[in-house]
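Encoded as structure tokens, the structure appears first; notes follow it.
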Amino acid sequence: MKIRNMFLLPLCAVLIGVGLAPSAAWADAKADAVETGRLLAILLDTGRATVGANQTLINDASKGDKGFTPEVFEKQLADKFKERTGVDLTDLKNAKVPAMARHMLPQLVEVQKKVVADYQPIINRPGVGFKGFIPATFGTQTTVRYTAKTGIYLKQTAADKILRNPRNKADEFEAAVLARFADSSYPRTGEKIISEVVDGGKAVRVMLPLFYGKGCLGCHGEPAGERDITGYKRDGYKEGDNGGAISVKLLLK
């Protein structure tokens, strides 16, 4: 019996190790995917915020060349992103981010810059006020191009009652999470994401809520039903109401 136990104990240790190793690796992969999804969502929203912060300049009919170049955009984007996350996009090699984020974040930056570059003729058109290059338009253009280029699911989405672009229509998962974001008890500060493992453990979904700020109310605020500058009817929302979310889906490898 003692001799048999001498062989069984090492064998049990090996079997336990084999059983635990994949689980630990999967948990690490999940944590990395969730954090990468969070950073991608914040980076997209930071790009939206950067375009929003430059609306007065972009819509200045008295100016031709606005100086809002892809390079200027990138600098502002990096500064705002570092403020929100503590991550320096110019030094990702030394940043405390998952390896997949080091690869994916620069790709998203390049796509965002390309969108700004392609809109230069519109941005710099003199004699025209509203250019239509708003955060939502920028976000949709970026997500469509980024997904086409990388195969990574990235989307800005909103509930049907405030949806203005069919491309952003929420799927079943997104609709359920948006309902949670819309609840008045959901935190309005701290960028509290919701993440969930899906597809039988093969992928992770991450959603970052978007809440209306004062700058959003010109189109989405009151009076409800009145036409805004884009031609859509105002929604009648107030500051702090949910205006949608950034949605990311990443495969677990």
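All letters in the sequence shown, in the order written, are residues 194 to 446 by my numbering.
Every residue gets a Cβ at the ideal spot worked out from N, C-alpha and C, and that includes glycine.
Range covered by the beta strand (DSSP E) that runs through residue i
{"i": "residue 398", "result": "396-404"}
{"i": "residue 439", "result": "435-444"}
{"i": "residue 391", "result": "387-391"}
{"i": "residue 348", "result": "346-350"}
Spatial neighbours of residue i in its chain, beta-carbon cut-off 7 Å, leaving aside the 5 residues before and after
{"i": "residue 263", "result": "306, 309 and 310"}
{"i": "residue 374", "result": "402, 435 and 438"}
{"i": "residue 241", "result": "328, 331 and 332"}
{"i": "residue 281", "result": "275 and 288"}
{"i": "residue 347", "result": "233, 237, 336, 339, 340 and 441"}
Supposed contact pair residue j and residue i - C-beta distance, whole angstroms, cut 8 Å
{"i": "residue 389", "j": "residue 398", "result": "5 Å"}
{"i": "residue 231", "j": "residue 386", "result": "5 Å"}
First through last residue of the alpha helix (DSSP H) which encompasses residue i
{"i": "residue 332", "result": "328-343"}
{"i": "residue 502", "result": "The structure shown does not extend to residue 502, since the chain is modelled only from 194 to 446, so the question has no answer here."}
{"i": "residue 373", "result": "365-375"}
{"i": "residue 267", "result": "263-278"}
{"i": "residue 250", "result": "248-251"}
{"i": "residue 316", "result": "313-316"}
Beta carbon of residue i nearer than 8 Å to that of residue j
{"i": "residue 239", "j": "residue 273", "result": "yes"}
{"i": "residue 345", "j": "residue 400", "result": "no"}
{"i": "residue 291", "j": "residue 353", "result": "no"}
{"i": "residue 332", "j": "residue 252", "result": "no"}
{"i": "residue 254", "j": "residue 320", "result": "yes"}
{"i": "residue 342", "j": "residue 304", "result": "yes"}
{"i": "residue 424", "j": "residue 405", "result": "no"}
{"i": "residue 317", "j": "residue 245", "result": "no"}
{"i": "residue 249", "j": "residue 443", "result": "no"}
{"i": "residue 271", "j": "residue 283", "result": "yes"}
Residue-chain proximity (residue i, chain C), Cβ-Cβ < 8 Å
{"i": "residue 336", "result": "This model lacks chain C altogether, as it is built from one protein chain only."}
Neighbourhood of residue i by C-beta distance below 6 Å, restricted to the same chain and skipping five residues each side
{"i": "residue 201", "result": "Only weak support exists for where residue 201 lies, its pLDDT of 40 falling under 50; the value from the coordinates is given anyway. If we look at residue 201 and ignore the five residues flanking it on each side, it has no Cβ neighbours."}
{"i": "residue 247", "result": "261"}
{"i": "residue 312", "result": "326"}
{"i": "residue 431", "result": "none"}
Cβ shell of residue i (< 8 Å), same chain only, five flanking positions each side left out
{"i": "residue 222", "result": "445 and 446"}
{"i": "residue 362", "result": "350, 353 and 356"}
{"i": "residue 300", "result": "339, 342 and 343"}
{"i": "residue 391", "result": "366, 397, 398 and 442"}
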